[in-house]
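Each residue of the sequence shown is one higher than the one before, starting from 36 at the first, in this note's numbering. Built from N, CA and C at the ideal position, the CB exists for glycine as well. For reference, the structure discussed in these notes is given below.
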Amino acid sequence: MAAHSPEALARAAELGMDAAVLSPVLASRSPASGAPLGLFRASRWARAAKLPVIALGGVNAQNARMFAQRGFSGLACVDGLANA
36 MAAHSPEALA
46 RAAELGMDAA
56 VLSPVLASRS
66 PASGAPLGLF
76 RASRWARAAK
86 LPVIALGGVN
96 AQNARMFAQR
106 GFSGLACVDG
116 LANA
């Protein structure tokens, strides 16, 4: 389930979703992405969530390591790894 707030993450858990994709964590080239949450805020939300949270938005091969140990269960990207 897609999520953009702590409330959406909680709702995803209440509905029994397997995971939630939280976005946009970082600035994204997608015109529909909106303002980035920022790594610190998104990490706090991911750690507090009651289901696995996958980070989306601005993820690429150069910054993927900075998501480690931040509470995320995985990473997702649309074109961030295309040139990796």
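Residue nearest to Arg105 within the set Glu49, Ala84 and Met36 is Ala84 (criterion: CA-CA distance). Note: Gly109 is bridge-paired with Ile89 in the DSSP secondary-structure output.
Contact check for Ala47 against Leu86 passes: the beta carbons are separated by less than 8 Å. Excluding residues up to 5 positions away in sequence, nothing lies with its Cβ nearer than 7 Å to the Cβ of Ala70 in the same chain.
According to the DSSP assignment, Leu44 belongs to no beta strand (DSSP E) but to the alpha helix (DSSP H) extending over Pro41 to Glu49.
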